[in-house]
Ligand code: 3HC
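In the working numbering, the protein residues as written are 943 to 1234.
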């Protein structure tokens, strides 16, 4: 049976983006949060993003209305029961993810596919909380989800090949470009991106250049849309530290070891754009000021 109805667990930055693209692609979509307050926050973000698309005439005003009509927010697992795929984008905590998957495994119809949007946790360790090992995959989206084209579709040693094919088709139907990968921490993109970001911090620590010049170097010298420090602040320094620690734990290789400055900034609560301060100061958001 092709996928007809989509469920999303979590309506934070990633979950709201995933729910938005599913509803924009025409799927009736249910998005579940733990509280009405978090749900409202996520839905407001979706509304803003759709307003931006409408303003830029990327979508028509009708499509904006239809997308919102296809989206249902809930705080109950039961509302996911008849979904054909459930994509999880909740907090990056293995135990919480296992408990959540165990709970929905009893509620969501047996034929449905479960997918985790984790960026670095081991998917196989989530699967064992359910009884659908062959129908469990990773679907790793990129921030900002409504704009970024890529989805990493992750096969574990237990995933049925037909489920991978179905997920690849589904990603295309969302307007994304899927790539296949396997269940190793970081998959393809973070496997390459995280050492690069950490190395930019090491280059700064070694005095190779300042934040502004390193950013300019990679933007203008390599054509990257953002320099490494702008991207670090955009992704979130605490998120990068979390992913780096998991990848270091998995591979025990120096290139994944978080540099001291990253740890200090996170300890100080300077998490990047979201806290107003990271490698840049965002007091004037239109004019970020480099701090190092
Ligand atoms: N919805 C709708 N429209 C949006 C939007 C959203 N969520 N966010 C931005 N836009 C619109 C803006 O309004 C803007 O429109 P305009 O051209 O009319 O002004 C347009 O999109 C472009 O945005 P900006 O002008 O703000 O900035 P850019 O042209 O630089 O594009 C970007 C923004 C696409 C984010 C680009 O800078 C980029 O590709 N950056 C790199 C992002 C990246 O690497 N992401 C991956 C992070 S790693 C990850 O997610 C993995 C995880 O596991 C850590």
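Backbone N, C-alpha and C fix where the C-beta goes; we use that ideal spot for every residue, glycine too.
Checklist line | Backbone secondary structure at residue 976 - three-state DSSP | finding: coil
Next item on the list: Would you check if the distance between the CB atom of residue 1128 and the CB atom of residue 1062 is smaller than 8 Å?
Entry: yes
Margin query: Could you check whether residue 951 and residue 959 sit closer than 8 Å to each other, using their CB atoms as the reference points?
Written below: no
Note to self: Can you tell me whether residue 1127 is helix, strand or coil according to DSSP?
What the structure shows: coil
Notebook entry, point to check: Pairing CB atoms from the region 1048 to 1057 with CB atoms from the region 1027 to 1037, are three or more of them under 8 Å?
Noted result: yes
Next item on the list: Output yes or no for whether 8 Å exceeds the beta carbon distance between residue 964 and residue 1116.
Entry: yes
Checklist line | Beta-carbon proximity of residue 1231 to residue 1223, cut-off 8 Å | finding: yes
Check: Hey, how far is the Cα of residue 967 from the Cα of residue 993?
Finding: 16 Å
Note to self: Quick check: is any heavy atom of the ligand 3HC less than 7 Å from the C-beta of residue 994?
What the structure shows: yes
Next item on the list: Measure from the alpha carbon of residue 1021 to the alpha carbon of each residue in 1169, 972, 1203 and 1218, then state which is nearest.
Entry: 972
Notebook entry, point to check: Hey, residue 1189 and residue 1176: beta-carbon distance below 8 Å or not?
Noted result: no
Next item on the list: Report back the beta-carbon spacing between residue 1017 and residue 981 to the nearest angstrom; my notes put them in contact at under 8 Å.
Entry: 7 Å
Next item on the list: Kindly list the residues whose CB is nearer than 8 Å to the CB of residue 1121, restricted to its own chain and excluding five residues on each side of it in sequence; keep chain order.
Entry: 1092, 1093, 1094, 1095 and 1130
Note to self: In the DSSP assignment, the beta strand (DSSP E) including residue 1023 goes from what residue to what residue?
What the structure shows: Here residue 1023 belongs to no beta strand (DSSP E), and DSSP marks it neither H nor E.
Margin query: As a quick exercise: from 1123, 1036 and 1064, pick the residue whose alpha carbon is nearest that of residue 1193.
Written below: 1064
Check: Should residue 1006 and residue 970 be called a contact, given that it needs their Cβ atoms to be closer than 8 Å?
Finding: no
Check: In or out: residue 977 buried (at least 16 other Cβ within 10 Å) or exposed?
Finding: exposed
Note to self: Within the continuous alpha helix (DSSP H) that includes residue 1069, where are the two ends?
What the structure shows: 1066 to 1069
Checklist line | Cβ neighbours of residue 1105 in the same chain (closer than 7 Å, five flanking residues each side left out) | finding: 1055, 1076, 1077 and 1079
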